[in-house]
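**Q** The following block contains the structure, expressed as structure tokens.
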Amino acid sequence: MTEVLQATGAIAPQPKGKTAHPIRSLLISRLATGVLSVIVISIVVYAATLVLPGDAATAILGQQATPERLAQLRSQLHLDQSPVSGYLSWAKAALHGDFGTSLTQGQRVWDLIAPRLANSAVLIVATAIVSTILGVLLGMWAASRKDSWVDHSLSVTALVASSLPEFVVAVFVVMIFAVTVFTWFPAVSILPEGEHIWDEPNKLVLPVLALVIVVTPYVFRMFRASLIEALSSDYVEVATLKGASTSRLLFGHALPNSLAATIQVVGLNLLYLAGGIALVETVFQYPGIGLALVASITDRDVPTIQFLVVLLAIAYVFLNIVTDVAVLLVTPRRRLPR
Amino acid sequence: MTGLPEVVADPGGNTRSDDGGLVVEGLTVVTEGRGTPVVEDITFRVARGQVLGLVGESGSGKSTVGVALLGLARHGLRIAGGRVCVDGIDILSLEGKSLQQARGRLVAYVPQDPASGLNPALRVGRQLREAIAIHSEVLRDGETVNGRVLQLMEEVGLPGTEAFLNSYPHQMSGGQQQRVGIAMAFSCRPRVIVLDEPTTGLDVTTQRRVLETVRQMTTEHQVTSVYVSHDLAVVAQLADQTAVLYAGRLVENARTDAIFRGSRHPYSVGLLKAVPSSARSEILVGIEGRPPRPGRWPRGCSFADRCGNVQDACRHELPQLRDLGDSEPHWVRCYFPEPPVSVAHAKEPVPALSGDRPPVLTVRGVAASYGPRQVLRNVSFDVTAGRCTAVVGQSGSGKTTLARSLVGLHTDWTGEVQLSGTKLSSDPRRRSKEERRIMQYVFQNPYGSLNPRMTVRENLEEPLRYFFNLSRSERNQKVDDILQTVALSTEYGERLPQQLSGGERQRVAVGRALIVDPEVMVCDEITSALDVSVQALLVEQLRQLQVDRGLSMVFITHNLAVVRSIAQDVVVLSDGVIVEHGPVDQVLDHPAHGYTQRLLADLPSTE
Amino acid sequence: MTTTAEPVSPPIEQGPVKRRGAVRRILRGALATRRGQVGLALTLLVVGLAFIGPFVPSRSATEFSGVPYSLPGNGSVLGTDALGRDVLARVLHGGWTLLLLAAISTALAVLLGAVAGVVAAYRGRVTETVIMRSVDIVLAIPQLVFVLLIVSVIGAKTWLLVLAVTLCQAPQVARVMYASAQDICERDFVKAVALWGVPPRTVIRRHIMPSLTTPLAVECGLRLSFSIILIAGLNFLGFGTQPPNPSWGVMVNENRLGLATNYWGVLAPAILLAILAVGTNVFADALARVAFGGERGEETAAVTALELTTS
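Protein chains in written order, with numbering that gives the first Met the number 0: chain B, 0 to 337; chain H, 0 to 606; chain L, 0 to 310.
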């Protein structure tokens, strides 16, 4: 299944060639690509501010541009230095934990983003857990009853659910569960300043529901497909002919071979959630990094944009590495050379 | 349905149906939807401690029969009728739990591909223990699962160490994997074992060891073995009894030597005429046409369209199995069986090739590598003009690398190769167009060597477009000529490769190489993927072409027997070096090198 | 020179197969299934509405026409939106830009990605490494974030949106085409032709490209459905179509606050977007099944893996 995923381009191909320490060499190569990616992205992000038409500082301040403000902003954004040294100053400060000050909110970027980061993390983790469990259980059910009406209806539902744009799903969820049919949950998840989402858990429910609807179909389809592939393999036939029972075939033989592909999909989902959470957070006005990103982009809050983008890139790289290592651990064929 | 073909009577003269052997009656497997029969009315009986060889080419249904003996029908099929009796129990009447209990304990299975038959995510020890754990009642008093596993390892000749049992399947060789498969099948001491071509893909020496293991375990534990295979030589060597399967039905069933020294059914005779022998240089005779697919079985005999003796009665009604033997049963499904044909006298000898011409290809000191690994060392030989030189070796010997290096598919080599006097560069891009034209290459795999989006005609004329400047009508003429040369009618021209069988595709591939009029043709294992009867057609066609056109050939193969029917000279490769070379008759009748001697000794033979 | 055997004729049961257009074959195959029919029907329904809508007589889509969030009635079929404009009119006018932009960016992405992937596969070595590493790096950036970044910096110009979406989708196409092209390049028939000395450009054109039409067609379908969703999402966030021009994505956002009063301002565009998204995706799935599925067009591992590229 993993080979098929690589062949169709859903995931990056593993480095070829057998080595004595596959895990170590994988980690090294992925870290190298990852660090390179983060650096490139940080350069792109920094360069973006320089590309603004006219003078960046003037563009940002607009009508509030007074000479002192302009000078202050320029030095804050390192625009008074040459592009290269400006980038290096920014990067150095970032590596020391100083991410600048938000242009619109006045606070330090870190203080502004940290609670939002926590909220989004809760949202992502809750979604990941629920969707994975649900996807795995439903996938197993469908695979063991292949081609029955259960399988068909689940597959069609999965296809439809995965086709819907996430903000449309969120809007429907709000309409059904908050506004019209049932009014069990609040329609928006705005929190007072200083509170975290775990202080008001009922504001977490609908956003999680919307994301779960979008993301579970992927886990379901991949788990089902890899179980079916394993169940139609030669080694399962051999085990059947040894007299193995259906549960032994499913859990003892098919399951160990389906883990790799499923881990990859869960990883892909986490990546997608990290990147695409903005839309759902906007619908619910959920105080997370997605909403912060959209707001900072609309307001041209450059330091915040820079921080969030690089943060997301790092999260992406980290998740990719963790997923790849997890897959390697579950695939003895690649982990142990001949 | 008439009485059971009783081929081997029990030593005690006992012919009760549950004498501990295997009795199969009227086994029929059909497709799930329409109920089209795929195998029909399979009936045979095998005694304990004996091996039945079930012979068939691709599409005969032999694998389907194999798994049906354990009550399994593969995807889209179901078992429609019949009995499979082991120890008095009819496997086909069992369901659910009782079927699970019978599988592994009463009947067991060794799969064809050892690598895919083992779960890549589980340790080998665990898979060995599995069957015993499922049927724990087979353990005798005081015996543990691990104890049984260790005993099995000893029996098949594998190390019973902790390290070995804890390893994963991909960490073993093909031969070891196959022996694990055999051990798993024998683990519960079943009454019947079905082996589905378990030595395909193994080299000759490993194959011999595996066959010996099978023979030994069958006799030692008094098991009935059913050995499904397309390889007639292996069956001749191993089996006590042989049954020939054609288009889903048994056409002949007798003791093995009765079949190989006196076969009666035209199809079996055809097979004997097609199977090459390492002991004699003979002209192979293939069987044209294809067997009818399920759903297209004709009213009468399925072999009628391809049979030389066909009469009107044959097409009218399906012949039943009749016992033609005198001292022992010899079942044949034919109205007009042939007089007994022995494999030793079935074919004409190859006429000697006259003339002593200069070498067209000289190879001197060729050494080839794949990165850091050296695959060929100091290989030197000549290919005489107008003659065929076979290059023989097992996998890993470097024969394919040699072929690819000659033609330029592999460029990492040193040494000197001269073609008609001119030195060839290792990089094909530096060779002249003419040099590239006069040496052509035919690939092993018929399913990848033709462009699937072009018709046969377009595939054939493609090299013409590049090498010559011909008008369209001239090209068409050449394509028509070459189609006739490879014995395909012009209608094939408009077909797509996917509509052709493997043998037909290979003929098109040969045609594509010939159409530019080369001087040397390099054939890389071109018959390895083909059935025996199809291989014979192609080999004989090539031999004839060689004689007619004075074509020089380099014929790469792992099959020593085929060599005698096509080549005049042979080069034996082992581990990248030539261990022996010379005229075919000389090398194969009087091998000088130890390796060649061992190879010939390990080769299963129909004698 | 003839051989001893008579020329053999092919079995009569199989006539010559029309081989022009593998793409036509999978299209026909997809339309033969229920999935394909339903998917295409839904898609055409919404596409028809989007392109015919502006010509249907209705109230003005940009002018004030009633009290904001007023319910349907008084000749207004769907009521009014947040700024008092007629919802039905805005719905009729709000689809075609989305579809046009999605179509353009899909076409560009597929073109760019296909060229990159095939060249990387055939050239190998340095070219391959450079192209595919770049693809990896671009794919490391979250799509939405990438587009938002570009758009925020330079401004929400339409051509820029198209460019950004194209750059987002092209790497995915490149990866798939690279893998397919590699597979084809490894096949013996390509090696055979290259062995004769045929120049690389001819090999790619005559022998590799024709076998790539199938994965290309399937990717087209998938990319189109993703492009639609991406652009709609961007509109939703306020990037793309500028007020007062109507767009379905924008409508979903700007009428959110009136969900309790007149939900039609949100529901109508949302339903249309949903139908469009489901229709295109289901049709793309039908195509993928015919192209890569099992004998009966069931979902195989290859089909699942191809479709599980999240946007």
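For every residue, glycine included, the Cβ atom is placed at its ideal position computed from N, Cα and C. Note that the structure is a prediction, hence the values are computed from the model and not measured.
Quick one: is the Cβ of Leu205 of chain B within less than 7 Å of any heavy atom of the ligand PLP?
**A** The ligand PLP is absent from the structure shown, which contains no ligands of any kind.
**Q** To the nearest angstrom, how far is it from the Cα of Pro242 of chain L to the Cα of Leu275 of chain L?
**A** A straight line joining the alpha-carbon of Pro242 of chain L with that of Leu275 of chain L spans about 23 Å.
**Q** If you measure beta-carbon to beta-carbon, which residues of the stretch 403–417 of chain H are closer than 7 Å to chain L?
**A** Sequence-ordered contacts of the stretch 403–417 of chain H with chain L read Val406, Gly407 and Leu408 [C-beta pairs closer than 7 Å].
**Q** Closest by CA to Ile565 of chain H, which one among H:Met552, H:Pro158 and H:Ala246?
**A** H:Met552
**Q** Using a beta-carbon distance below 8 Å, is Ser210 of chain L in contact with chain H?
**A** yes
**Q** Using the Cβ count rule (16 or more neighbours within 10 Å means buried), how would you classify Lys202 of chain B?
**A** By the 16-neighbour rule on beta-carbons within 10 angstroms, Lys202 of chain B is buried.
**Q** Let me see if you follow: with CB-CB separation under 8 Å, is Asp284 of chain L close to chain B or not?
**A** yes
**Q** Does any residue of chain L bring its CB to less than 8 Å from the CB of Arg73 of chain B?
**A** no
**Q** What number of angstroms, rounded off, separates the C-alpha of Ala229 of chain B from the C-alpha of Ser280 of chain H?
**A** 47 Å
**Q** What residues of chain H sit near Pro335 of chain B, judged by a beta carbon separation below 9 Å?
**A** In the sequence as presented, Pro is not what sits at residue 335 of chain B; that position holds Leu. The contacting residues are Ser166, Tyr167, His169 and Gln170.
**Q** Inspect the beta-carbon positions of Leu529 of chain H and Gln505 of chain H and report whether they are closer than 8 Å.
**A** Yes, the pair counts as a contact, with Cβ atoms nearer than the cut-off.
**Q** Is the Cβ of Thr261 of chain B closer than 8 Å to any Cβ of chain H?
**A** Cβ-Cβ to chain H under 8 Å: no for Thr261 of chain B.
**Q** Tell whether a beta-carbon distance below 8 Å holds between Gln498 of chain H and Pro451 of chain H.
**A** no
**Q** Which residues bound the alpha helix (DSSP H) around Leu513 of chain H?
**A** Gly501 to Leu513
**Q** Could you name the residues of chain A that Ala21 of chain L contacts, counting a contact when the two beta carbons are closer than 9 Å?
**A** No chain A appears in this structure, whose protein chains are B, H and L.
**Q** Assuming Asn252 of chain H is part of the beta strand (DSSP E), what are its boundary residues?
**A** Unbroken beta strand (DSSP E) run through Asn252 of chain H: Arg248 to Arg254.
**Q** Using only CA atoms, which one of B:Val39, B:Glu165 and B:Val211 lies nearest to Asp135 of chain L?
**A** B:Val39
**Q** Which residues bound the alpha helix (DSSP H) around Pro206 of chain B?
**A** Val204 to Leu230
**Q** Can you grab the Cα-Cα spacing for the pair Arg204 of chain L / Leu482 of chain H, in whole Å?
**A** 27 Å
**Q** Go through its chain and collect everything with a Cβ distance to Met0 of chain H's Cβ below 6 Å, but skip five positions before and after it.
**A** At Met0 of chain H the pLDDT is 33, less than 50, meaning the model places this residue with poor confidence and gives no usable figure here.
**Q** CA-CA distance, Gly74 of chain L and Ile212 of chain B?
**A** Straight-line Cα distance between these residues: approximately 37 Å.
**Q** Tell me the rounded alpha-carbon separation between Thr261 of chain B and Cys84 of chain H.
**A** 44 Å
**Q** Show which residues of chain B have a CB atom less than 7 Å away from the CB atom of Gly232 of chain L.
**A** Pro164, Phe166 and Leu278
**Q** Helix or strand or just coil, what does DSSP make of Glu518 of chain H?
**A** coil
**Q** Got a sec: is the Cβ-Cβ distance from Tyr108 of chain H to anything in chain B below 8 Å?
**A** Yes - at least one Cβ of chain B is within 8 Å of the one on Tyr108 of chain H.
**Q** For chain B, find out if any of its Cβ atoms is closer than 8 Å to the Cβ of Glu298 of chain L; answer yes or no.
**A** Yes, because at least one Cβ of chain B sits closer than 8 Å to the Cβ of Glu298 of chain L.
**Q** Helix, strand or coil for Val197 of chain L, going by three-state DSSP, please let me know.
**A** Val197 of chain L falls in the coil class under three-state DSSP.
**Q** Counting C-beta neighbours from all protein chains within 10 Å, is the total for Ser151 of chain L 16 or more, i.e. buried, or is it exposed?
**A** buried
**Q** Once you ignore the five residues that flank Arg386 of chain H on each side, which residues in its own chain have a CB closer than 7 Å to its CB?
**A** Leu352, Ser551, Gln567 and Asp568
**Q** Give me the chain H residues within the contact set of His206 of chain L, using Cβ-Cβ distance strictly less than 7 Å, ordered along the chain.
**A** Asn450
**Q** Buried or exposed for Arg511 of chain H, please, with buried defined as at least 16 other CB atoms from any protein chain shown within 10 angstroms of its CB.
**A** buried
**Q** What are the complete beta strand (DSSP E) segments, minimum 3 residues, inside the stretch 190–241 of chain L?
**A** Listed in chain order, there is nothing to give.
**Q** Chain B partners of Ser115 of chain H, CB-CB under 8 Å?
**A** The contacting residues are Ser232, Asp233 and Tyr234.
**Q** If we require 3 or more residues per run, which beta strand (DSSP E) segments fall completely within the stretch 378–449 of chain H?
**A** 387–391, 412–418 and 438–441
**Q** Mind checking whether Lys346 of chain H and Lys272 of chain H have CB atoms under 8 Å apart?
**A** yes
**Q** Is there at least one Cβ from chain L nearer than 8 Å to Pro4 of chain H's Cβ?
**A** Below a pLDDT of 50, predicted positions are generally treated as unreliable, and Pro4 of chain H, at 43, falls in that range; the measurement from the model is reported next regardless. With 8 Å as the cut-off, Pro4 of chain H does not count as an interface residue toward chain L.
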